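Accompanying notes for the structure given below.
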Amino acid sequence: MDLFFMPLILLTIYLIYALLASFLFPDRRRPRMKLPLPPGTLGWPYVGETFQLYSQDPNIFFASKAKRYGPIFKTHILGCPCVMISSPEAAKFVLVTKSHLFKPTFPASKERMLGKQAIFFNQGPYHSKLRKLVLRAFMPDSIRSNVSDVESLAVDSLKSMEGRSIDNTFLELKTYSFNVALLSIFGKDEIKYREDLKRCYYVLEKGYNSMPINLPGTLFRKSMKARRELGQILAKILATRRQMKPEHDQHHDLLSSFMDDKEGLSDDQIADNIIGVIFAARDTTASVLTWIIKYLAENPTVLQAVTEEQEAVIKSKDESGKQRMLTWEDTKNMPLTSRVIQETLRLASILSFTFREAVEDVEYGGYLIPKGWKVLPLFRNIHHSPDIFPEPEKFDPFRFEVAPKPNTFLAFGSGAHSCPGNELAKLEMLVLLHHLTTKYRWSLTGPREGIQYGPFALPQNGLPIRMFRR
Ligand code: HEM
């Protein structure tokens with residue numbers, strides 16, 4: 003009897019193991035292409051090398067791996083087998099030339115909070131359509147009419163920081179970048195909705211990095227509630243806009259681009275993408291500005307040169323009898339300040355990497371990237387490579403007097419999903435820096451060293467400073 007059942011029991015155990023293993027260790031699935039996997043180690047089953055990554059600065063983990071294995075290597079993190087890439091050529095392959103083979107991928111909880119129809123999560127014709135609509139609202143011709151409104155927001159924001167000790171510069175600047183994002187989405191109507199949207203969005207964002215546990219009292223639950231409320235507020239805004247007579251609708255903002263009848267987007271699709279744009283625009287721009295304030299304080303010669311450039315803008319307007327309000331043309335006449343922004347984007351690399359997933363088995367450089375594996379282009383490693391940017395740890399805006407080589411400057415990504423808000427982000431930073439350098443001085447009052455991730459790279463404690471009028 004025992005002998006009769008033994009093979010059956012063994013087979014059942016094997017089948018259960020195989021089933022579990024296929025879920026838990028997807029990297030053990032046999033790839034179809036007969037090519038070697040990239041060099042590197044996968045660590046322990048399931049946990050992989052997650053502890054090695056999170057027990058130190060993640061950039062040290064990536065840099066030491068790249069040094070040991072070269073620009074393409076494998077690892078296993080948070081239950082996912084991954085291929086990390088750190089050469090400009092490989093980044094171009096994944097993000098541009100073969101972007102259709104690598105889909106964007108995010109944690110499921112993030113997708114639920116932002117809304118799965120947001121631009122980041124999609125590929126193909128729906129993504130191309132959204133991209134066209136977003137680019138239409140954020141291209142230079144559309145945002146040039148916003149300069150004076152952005153300027154008012156910058157002036158107000160700096161005034162609110164004046165003459166006091168600021169515990170967390172990043173938090174202050176997040177208010178500025180939030181208001182600019184709303185301005186670009188709703189135009190001048192922004193002010194009507196600001197407080198309601200702020201109340202809900204601020205609760206929503208607290209849950210972005212929470213565990214997706216939907217129980218009373220959890221951050222996730224509170225965030226999802228705020229997400230539903232945001233959806234209701236947006237539905238009301240859409241209804242109000244629809245009631246406007248077409249001849250009175252003078253809007254040229256993101257909302258009107260989305261609401262253009264012939265585009266046929268549903269209210270849910272519009273809501274997901276508005277929340278998505280606020281998410282993409284807010285912490286990113288605020289953290290880059292925080293780094294600029296730090297680097298300028300630490301490099302007085304550069305600060306002096308930027309201040310002189312900005313004073314020259316005011317002087318030339320005064321001499322020609324023009325109003326002092328900035329114009330789009332003024333912001334195009336700030337070469338050194340623009341290089342300070344570019345160098346900060348490189349040095350701080352606030353997005354250390356991005357995520358993709360191979361949609362089929364892909365060959366690159368003689369290696370196999372198996373279907374389902376995550377692929378991470380390591381922006382920070384490229385930006386900190388001494389072969390590409392000599393003395394990479396030095397803050398040197400003058401290095402950008404010569405244009406960087408193709409695919410080596412990836413602060414705004416590249417290819418199909420590259421940042422459509424980059425012109426707005428640059429405008430927003432230039433305008434704030436104009437007023438900051440010509441009217442204020444500041445000193446750093448917290449630790450000089452240390453980076454925290456939230457998830458974007460930030461100076462320690464959000465950069466405490468003291469700011470006073472010149
Ligand atoms: C300095 C500030 C900013 C930085 C460093 C930045 C960086 C990036 C990067 C690297 C990507 C590509 C991510 C990937 O390929 O996975 C991206 C995408 C995106 N960014 Fe930005 N961004 C900034 C500001 C903004 C602003 C102000 C907006 C909107 C007003 C915006 C809207 C978006 C959107 C909608 C996407 C997704 C595009 C797509 O999936 O097709 N970003 N951003």
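Numbering-wise, my numbering comes out as the position in the sequence shown, counting from 1, plus 2.
The C-beta atom is built at its ideal place from N, Cα and C for all residues, glycine as well.
Remember, it's a predicted structure, so these values are computed and weren't measured experimentally.
**Report entry** Reference residue 332, options 49, 318 and 342, closest by Cα
**Finding:** For this step, residue 332 is matched to residue 330 along the sequence shown. Residue 332 has its Cα closest to that of 318, out of 49, 318 and 342.
Query raised in the report: Say the cut is 6 angstroms; is the CB of residue 423 nearer than that to a heavy atom of the ligand HEM?
Result: Sequence index remark: in the sequence shown, residue 423 carries index 421 (1-based). Yes, the beta carbon of residue 423 sits closer than 6 angstroms to at least one heavy atom of the ligand HEM.
Requested in this report: Determine the direct distance from the alpha carbon of residue 393 to that of residue 46, and round the result to whole angstroms.
Outcome: Working through the sequence shown from its first residue, we reach residue 46 at position 44. Working through the sequence shown from its first residue, we reach residue 393 at position 391. C-alpha separation (whole angstroms): 36 angstroms.
Requested in this report: Assess, as a yes-or-no matter, whether the segment 287-296 is touched by the segment 335-352 under the definition of 3 or more beta carbon pairs within less than 8 angstroms.
Outcome: yes
Query raised in the report: Is residue 356 near the ligand HEM, in the sense that its beta carbon is under 6 angstroms from a heavy atom of that ligand?
Result: The residue you call residue 356 lines up with position 354 of the sequence shown. Yes, since a heavy atom of the ligand HEM falls inside the 6 angstroms radius drawn around the Cβ of residue 356.
Query - residue 63 - containing beta strand (DSSP E), residue span - result: In the sequence shown, counting from the first residue as 1, residue 63 sits at position 61. Membership of residue 63 in any beta strand (DSSP E) is not indicated; the residue belongs instead to the alpha helix (DSSP H) covering 60-71.
**Report entry** Bounding residues of the beta strand (DSSP E) (the contiguous stretch that carries residue 376)
**Finding:** Numbered from 1 along the sequence shown, position 374 holds the residue referred to as residue 376. 376-379 is the extent of the beta strand (DSSP E) around residue 376.
Query raised in the report: So which of 158, 84, 228 and 198 has the shortest CA-CA distance to residue 441?
Result: Position 439 of the sequence shown, counted from the first residue, corresponds to residue 441. Closest by alpha carbon: 158.
Query raised in the report: Assuming residue 446 and residue 296 make a contact with CB atoms under 8 angstroms, what is their CB distance in whole Å?
Result: One-based indexing of the sequence shown puts residue 446 at position 444. One-based indexing of the sequence shown puts residue 296 at position 294. Right, the Cβ-Cβ distance comes to about 7 angstroms (below 8 angstroms), so this counts as a contact.
Query raised in the report: residue 426: beta carbon under 6 angstroms from a heavy atom of the ligand HEM?
Result: Here residue 426 refers to the residue found at position 424 of the sequence shown. Indeed, a heavy atom of the ligand HEM lies less than 6 angstroms from the Cβ.
Requested in this report: Could you name the residues of the same chain whose beta carbon sits closer than 6 angstroms to that of residue 228, not counting the 5 residues immediately before and after it, in chain order?
Outcome: Here residue 228 corresponds to residue number 226 of the sequence shown, with the count starting at 1. Cβ within range, chain order: 202, 205 and 206.
Query raised in the report: What do you get for residue 473, buried or exposed, if any count of 16 or more other CB atoms within 10 angstroms of its CB means buried?
Result: Lying outside 3 to 472, the shown extent of the chain, residue 473 is not represented and no answer is given.
Report task. With DSSP as the reference, please indicate the residues paired to residue 467 in a beta bridge. Result -> As a first step, residue 467 is located in the sequence shown; it is residue number 465 there, counting from the start. Note: residue 467 sits in a beta bridge opposite 168 and 446.
Query raised in the report: Would you report the Cα separation of residue 257 and residue 344, rounded to the nearest angstrom?
Result: Within the sequence shown, residue 257 is the residue found at index 255, counting from 1. Within the sequence shown, residue 344 is the residue found at index 342, counting from 1. For residue 257 and residue 344, the distance between alpha carbons rounds to 29 angstroms.
Query raised in the report: Given that a residue counts as buried once 16 or more other Cβ atoms are within 10 Å of its Cβ, and exposed if not, what is residue 31?
Result: As a first step, residue 31 must be located in the sequence shown, where it is residue number 29. Low per-residue confidence applies at residue 31: pLDDT is 47, beneath 50, and the placement is therefore not dependable, though the value from the model is reported in the following sentence. So residue 31 counts as exposed.
Report task. Would you list, in sequence order, the uninterrupted beta strand (DSSP E) runs of no fewer than 3 residues that lie entirely inside the segment 395-466? Result -> 442-446, 453-455 and 459-461
Query - Local conformation of residue 120 per DSSP, three classes - result: On the sequence shown, position 118 is the one that residue 120 refers to. It is coil, neither helix nor strand.
Report task. Have a look at 54, 59 and 220 and flag the residue whose alpha-carbon is nearest the alpha-carbon of residue 453. Result -> Within the sequence shown, the letter at position 451 stands for residue 453. Nearest of 54, 59 and 220 to residue 453, Cα basis: 59.
Report task. For residue 434, verify whether its CB is less than 6 angstroms away from any heavy atom of the ligand HEM. Result -> What you label residue 434 is simply residue 432 of the sequence shown in a count that begins at 1. Relative to the non-hydrogen atoms of the ligand HEM, the Cβ of residue 434 never comes closer than 6 angstroms to any of them.
Requested in this report: Please list, in chain order, all residues of the same chain as residue 215 whose beta carbon is under 6 angstroms from its beta carbon, the five residues on each side excluded.
Outcome: Translated into positions along the sequence shown, residue 215 becomes position 213. Non-local beta-carbon contacts of residue 215 in its own chain, meaning distances under 6 angstroms to residues more than five positions away in sequence, involve 222 in chain order.
Report task. Determine, using beta carbons only, whether residue 327 and residue 150 come nearer to each other than 7 angstroms. Result -> One-based indexing of the sequence shown puts residue 327 at position 325. One-based indexing of the sequence shown puts residue 150 at position 148. Going by C-beta atoms, residue 327 is nearer than 7 angstroms to residue 150.
Query raised in the report: Quick one: is the Cβ of residue 273 within less than 6 angstroms of any heavy atom of the ligand HEM?
Result: The sequence position of residue 273 within the sequence shown is 271, counting from 1. No, the ligand HEM has no heavy atom inside 6 angstroms of this Cβ.
Query raised in the report: Where does residue 1 sit, in a helix, a strand or coil, going by DSSP?
Result: Residue coverage of the chain in this structure runs from 3 to 472, which leaves residue 1 outside it and unanswerable.
**Report entry** Pairwise C-alpha distance: residue 90 and residue 463
**Finding:** The residue you call residue 463 lines up with position 461 of the sequence shown. The residue you call residue 90 lines up with position 88 of the sequence shown. Straight through space, the alpha carbons of residue 90 and residue 463 are spaced by roughly 32 angstroms.
Query raised in the report: Around the C-beta of residue 24, are 16 or more other C-beta atoms found within 10 angstroms, so that it is buried, or is it exposed?
Result: Along the sequence shown, one-based indexing puts residue 24 at 22. The predicted position of residue 24 is uncertain, since its pLDDT is 49 and thus under 50; a value taken from the coordinates is nonetheless stated next. Burial call: exposed.
**Report entry** Backbone CA spacing between residue 278 and residue 79 [nearest angstrom]
**Finding:** Taking the sequence shown and counting its residues from 1, one reaches residue 278 at position 276. Taking the sequence shown and counting its residues from 1, one reaches residue 79 at position 77. So the two alpha carbons sit approximately 26 angstroms from each other.
Query raised in the report: What first and last residue would you give for the beta strand (DSSP E) that runs through residue 75?
Result: Position 73 of the sequence shown, counted from the start, is the residue given in the question as residue 75. Per DSSP, residue 75 belongs to the beta strand (DSSP E) from 74-79.
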